[in-house]
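*Asks:*
Residue numbers (the working numbering): 63 to 770.
#1: Relative to the C-alpha of residue 176, which residue among 242, 229, 581, 117 is closest?
#2: Can you look up residue 581 in the DSSP assignment and give me helix, strand or coil?
#3: Give the straight-line distance between the Cα atoms of residue 654 and residue 323, rounded to the nearest whole angstrom.
#4: Between the Cα of residue 273 and those of 244, 245, 683, 220, spot the shortest distance and give me the residue it belongs to.
#5: So, at 8 Å on beta carbons, what are the nonlocal neighbours of residue 637 in its own chain, with the 5 sequence-adjacent residues on each side left out?
#6: If contact is defined by three or more beta carbon pairs under 8 Å, each pair taking one atom from either stretch, is the stretch 147-162 in contact with the stretch 184-196?
#7: Any idea if residue 341 is buried or exposed, counting beta-carbon neighbours within 10 angstroms, 16 or more meaning buried?
#8: Considering residue 286, what are the terminal residues of the beta strand (DSSP E) in which it resides?
#9: What's the gap between the Cα of residue 421 and the Cα of residue 755?
#10: Taking the runs of the alpha helix (DSSP H) that are 4 residues or longer, which of them lie wholly in the stretch 212-246?
#11: Mark residue 495 as exposed unless 16 or more other C-beta atoms lie within 10 angstroms of its C-beta, in which case mark it buried.
#12: Please say whether residue 230 and residue 311 have beta carbons closer to each other than 9 Å?
#13: Considering only the alpha carbon of each residue, which of 758, 745, 759, 217 lies closest to residue 115?
#14: Under the rule that 16 or more other beta-carbon atoms within 10 Å means buried, what is residue 206, buried or exposed?
#15: Per DSSP, what are the beta-bridge partners of residue 249 in this structure?
#16: Here's the rule I'm using: 16 or more other beta-carbon atoms within 10 Å means buried, otherwise exposed. How should residue 717 be labelled?
#17: For the stretch 675-719, which segments carrying the beta strand (DSSP E) assignment without a break, of at least 3 residues, lie completely within its bounds, in sequence order?
#18: Just the Cα atoms here: how many angstroms apart are residue 644 and residue 93?
#19: I need the straight-line Cα distance from residue 604 to residue 103, nearest angstrom please.
#20: For a test of the three-state rule: what should DSSP assign to residue 451, helix, strand or coil?
#21: Buried or exposed for residue 303, please, with buried defined as at least 16 other CB atoms from any protein chain shown within 10 angstroms of its CB.
#22: Is the beta carbon of residue 208 closer than 9 Å to that of residue 222?
#23: The beta strand (DSSP E) with residue 658 in it runs from where to where?
#24: Please return the same chain residues whose Cβ sits closer than 7 Å to the Cβ of residue 732, not counting the five positions on each side in sequence.
#25: Got a sec, what are the start and stop residues for the beta strand (DSSP E) residue 93 sits in?
#26: Compute the Euclidean distance between the alpha carbons of residue 308 and residue 713, then round it to the nearest angstrom.
#27: Taking the beta carbon of residue 352 as the centre, do at least 16 other beta carbons fall within 10 Å, making it buried, or is it exposed?
#28: Taking the beta carbon of residue 461 as the centre, do at least 16 other beta carbons fall within 10 Å, making it buried, or is it exposed?
#29: Closest by CA to residue 361, which one among 577, 328, 345?
#30: Could you tell me the alpha carbon to alpha carbon distance between residue 551 and residue 417, rounded to whole angstroms?
#31: Mind checking whether residue 730 and residue 705 have CB atoms under 9 Å apart?
#32: With a threshold of 8 Å on Cβ separation, who are the neighbours of residue 450 within its own chain once the five nearest residues in sequence on each side are excluded?
#33: Tell me whether residue 57 sits in a helix, a strand or coil according to DSSP, three-state version.
#34: Looking at the C-beta of residue 608, does it have a partner C-beta in chain E at a distance below 9 Å?
#35: Here's the rule I'm using: 16 or more other beta-carbon atoms within 10 Å means buried, otherwise exposed. How should residue 153 be labelled?
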């Protein structure tokens, strides 16, 4: 098994501020609900570093005193566990794990090397300051208590000068020597924001001489330090709201700072150009201005050509240098919005494979999305008329079936224009495309991110090498733009109107609807022997005794899809799970597993409610509490297997069985061998085997694991 990967940002940042840091080769790390996400911004791919069992509150790169590229980082969770990682060819591995003496979680964490030692400095929520020191590589970390003048809140570390800066609640900054572990100098008062919990509001420069700090009001102060003095050099007063985070970028030689980023409480980021004399000139203002301070940018990091920010509500912001961004300066380089990972904002309700490396994801945020590995390539907002949270969806034979709290199942099919564009990628028509970065103003190329106003060569790189964008029309907000690929006109859709019902139907035609006797929350579909789609549904009933499974046949007639009832099977209990394959239907309830095979019925009593069922090559699989039940054929006796803990989701493909459990793990069995994978901190509500991938829904996160 290889490391697991995230699809979507909502698999990503926790609500903890400033849990985002820039590193080597365009890498960004940030904390998730039970792991560290390593985001390669150049490839727009994410790897989950799974080792924590609790939400990750802080992360930090291990800064090298020789200014070499950083390849190590540390992370800390709310249970007080610190993990030291090494990043090799983009893949993280655990080097050491340290348990803090007290259970108070880390509020701030910095790391670096000095005089051959590795240092990890941690300010806990309690205000305690702990310094972990590794004397030599391979040895354990020793814990040292350091007492600043007052309760610690904010920190930064300068490996080059061997100094640790600690901001306290009174707004003072203490300079601590890493050689003697004593306070050398105290300066300030800067402001209460220097001491703000969870925010990087104080930072050392690359040369170890200057310091930037969020100051009184909406200002940023630049200080110059010696061994005995601290002097204010510059004060920047451009921000329209409180400064909640600051970050320096580094030059190519890592010896100086070229940019200063300041995240604000109104969700904006101010970018300053730094001169050698530490003169700071405002370059651009990025983000949403005037937004609520409750969703401000509480974490920011940048380099010379890109800037990433994290907001209090867990969103990731990402900008790169370009020519189309809004800027408050008439001169100077501008910045453009670039592609950050995106995903569902509500609980994942269904995952369905649509090709070898693409899945359909239905969510309680009222959307259905198509993922091609790490990228959202299609999104349907509010596919149900009344906008109910989507209870389930599946894709079969070119049809998208969606159901929720409405008394019908909606049937959608991609239009010809969508299919034509999909053919460029030689993959399944519904899972068309690769992730393409978006710029300002944001647009989507047939519900895939696209560049606007870019040159054909840039389009060529973004799409495929053997297809060329030959023309791009002028973008007008709110309208569909025309572009041409290989001189074949296709549509580009502005992101801000992509949720419009009429526009959605440009790509997805609603070709049918199956009315039901009650709201549908459980359904399944398969292809019959005649090639037509069979749909089984379990509508809610007013009385449990009236619960039944209804089976209909879907037939295509020109542009429309009609349905015809086939059978109704009485169940007598609320249906909790449903699966169908050929002439076999498996139904799970609170007390029984029912198997209908070509008119014959088999009933098995179970000790726990059946949370999931699956069919594969005539065999029936069911998850009942901590037990997996297998019925290989109509004449075979059921076989049980202990899962160790309660299972909630199930997927079977060939000889591989995957069971999602309540403890954030997935049991994967293949050829009699079982492997347990940690994929999150919460219940694994959905699992799906997709080619060589395992795709999991953990709350609102979508995680995929490459199976070895």
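We treat Cβ as the ideally placed atom computed from N, Cα and C, and that holds for glycine.
*Replies:* On the basis of the supplied data:
#1: 242
#2: coil
#3: 60 Å
#4: 220
#5: 584, 600, 609, 611, 649, 650, 651
#6: yes
#7: exposed
#8: 282-287
#9: Residue 421 and residue 755: Cα-Cα distance of roughly 10 Å.
#10: none
#11: Low per-residue confidence applies at residue 495: pLDDT is 26, beneath 50, and the placement is therefore not dependable, though the value from the model is reported in the following sentence. With 16 or more other Cβ atoms within 10 Å, it is buried.
#12: no
#13: The option with the nearest alpha carbon to residue 115 is 745.
#14: Exposed, because fewer than 16 other Cβ atoms sit within 10 Å of the Cβ of residue 206.
#15: Looking at the DSSP assignment, residue 249 forms a beta bridge with 235.
#16: exposed
#17: Secondary structure remark: continuous beta strand (DSSP E) runs of at least 3 residues inside the stretch 675-719, in chain order: 681-686, 689-693, 701-704, 709-715.
#18: Straight-line Cα distance between these residues: approximately 44 Å.
#19: 51 Å
#20: coil
#21: Around the CB of residue 303, 16 or more other CB atoms lie within 10 Å, so the residue is classed as buried.
#22: no
#23: 654-659
#24: 717, 718
#25: Where residue 93 is concerned, the enclosing beta strand (DSSP E) stretches over 89-93.
#26: 45 Å
#27: The pLDDT assigned to residue 352 is 45, lower than 50, so where the model puts this residue is not dependable, and the model offers no usable value.
#28: buried
#29: 328
#30: The pLDDT assigned to residue 551 is 43, lower than 50, so where the model puts this residue is not dependable; a value taken from the coordinates is nonetheless given after this. About 26 Å.
#31: no
#32: The residues are 428, 466, 467, 468.
#33: Since the first residue shown for the chain is 63 and the last is 770, residue 57 is missing from the structure and cannot be characterised.
#34: Checking the listed chains, one finds no chain E in this structure; it contains a single protein chain.
#35: exposed
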